[in-house]
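Q: Numbering (my numbering), first residue to last: 12 to 188.
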């Protein structure tokens with residue numbers, strides 16, 4: 012388990028991620044809107060469907076404030092887990108919280124026998140790309156105009172994945188500047 016760094020007040024941000032629940036949806040949606048815009052990304056029904064699989068985790072302060080979350084969904088036909096949303100509140104970014112949370116989510120899925128993962132990220136989101144590379148994701152594909160509401164080059168995305176029988180070459184593990 013990766014332990015998050017301390018914040019500027021020298022207190023531990025969170026002990027261990029907890030399972031996300033329906034009661035957390037409004038806070039998760041607010042965080043995603045703060046990062047990606049006011050329109051929201053997913054409907055309430057989508058959130059509830061994904062959360063019913065018990066693969067999504069979050070960090071919460073003692074006050075009940077959600078500080079980071081990972082919304083994951085198993086897709087049985089493809090035998091893979093999609094990381095649909097992975098967000099860390101802006102004032103909590105850069106403290107190790109995201110890395111700890113995503114690693115926890117991946118490890119939990121592996122304990123359940125799920126070993127294939129994928130996600131999408133903007134080709135210009137260098138901090139996220141570097142984090143995903145550190146955790147074992149590899150770039151599988153570039154998808155042009157994936158984010159239709161964003162201007163180039165922010166509208167292009169990498170499809171990144173961890174595959175059980177990953178035969179990707181090491182050239183995909185280089186740090187992105």
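By construction, the Cβ of each residue, glycine as well, lies at the ideal position given by its N, Cα and C atoms.
Cα separation between residue 97 and residue 34?
A: Between residue 97 and residue 34, the C-alpha separation is close to 18 Å.
Q: Going by the beta-carbon positions, is the gap between residue 103 and residue 78 smaller than 7 Å?
A: Yes. Within cutoff.
Q: In this structure, does DSSP put residue 52 in helix, strand or coil?
A: Three-state DSSP puts residue 52 in coil, outside helix and strand.
Q: When we look at the beta-carbon of residue 122 and count the other beta-carbons within 10 Å, is it buried (16 or more) or exposed?
A: Result: exposed.
Q: Please report the straight-line C-alpha distance between residue 28 and residue 52, rounded to a whole angstrom.
A: Residue 28 and residue 52: Cα-Cα distance of roughly 23 Å.
Q: Which partner residues does residue 96 have in the DSSP bridge list?
A: DSSP output for residue 96 lists 82 as bridge partner(s).
Q: Which residues mark the beginning and the end of the beta strand (DSSP E) in which residue 71 is found?
A: Unbroken beta strand (DSSP E) run through residue 71: 68 to 71.
Q: Ignore the nearest five residues each way along the sequence and tell me which others in residue 116's own chain have a CB closer than 6 Å to its CB.
A: 68, 81, 83, listed in sequence order.
Q: So what does DSSP say about residue 139, is it helix, strand or coil?
A: Correct three-state label for residue 139: helix.
Q: Just to confirm, is the Cβ distance from residue 154 to residue 168 under 7 Å?
A: Taking 7 Å as the Cβ cut-off, residue 154 and residue 168 qualify as a contacting pair.
Q: Sort out for me which residues DSSP pairs residue 132 with in a bridge.
A: 169, per the DSSP bridge assignment.
Q: Rounded to whole angstroms, what's the CA-CA distance from residue 42 to residue 99? Just pull it up for me.
A: Looking at the two C-alpha atoms, the distance is approximately 8 Å.
Q: In three-state terms, what does DSSP make of residue 146?
A: Of the three classes helix, strand and coil, the one that applies to residue 146 here is coil, per DSSP.
Q: Roughly how many angstroms separate the alpha carbons of residue 144 and residue 174, rounded to a whole number?
A: The alpha-carbon atoms of residue 144 and residue 174 are separated by roughly 13 Å.
Q: I'd like to confirm the pairing. Which residues does DSSP put opposite residue 153 in its beta bridges?
A: Note: residue 153 sits in a beta bridge opposite 169.
Q: Hey, how far is the Cα of residue 85 from the Cα of residue 62?
A: Going by the C-alpha atoms only, they are around 11 Å apart.
Q: Tell me residue 62's beta-bridge partners as DSSP assigns them.
A: DSSP output for residue 62 lists no bridge partner at all.
Q: Here's the rule: buried if 16 or more other CB atoms are within 10 angstroms of the residue's CB, otherwise exposed. What is residue 111?
A: Burial call: buried.
Q: Within its chain, find whatever has a CB closer than 6 Å to the CB of residue 94; leave out the 5 residues flanking it on each side and keep chain order.
A: Correct list, in chain order: 83, 130.
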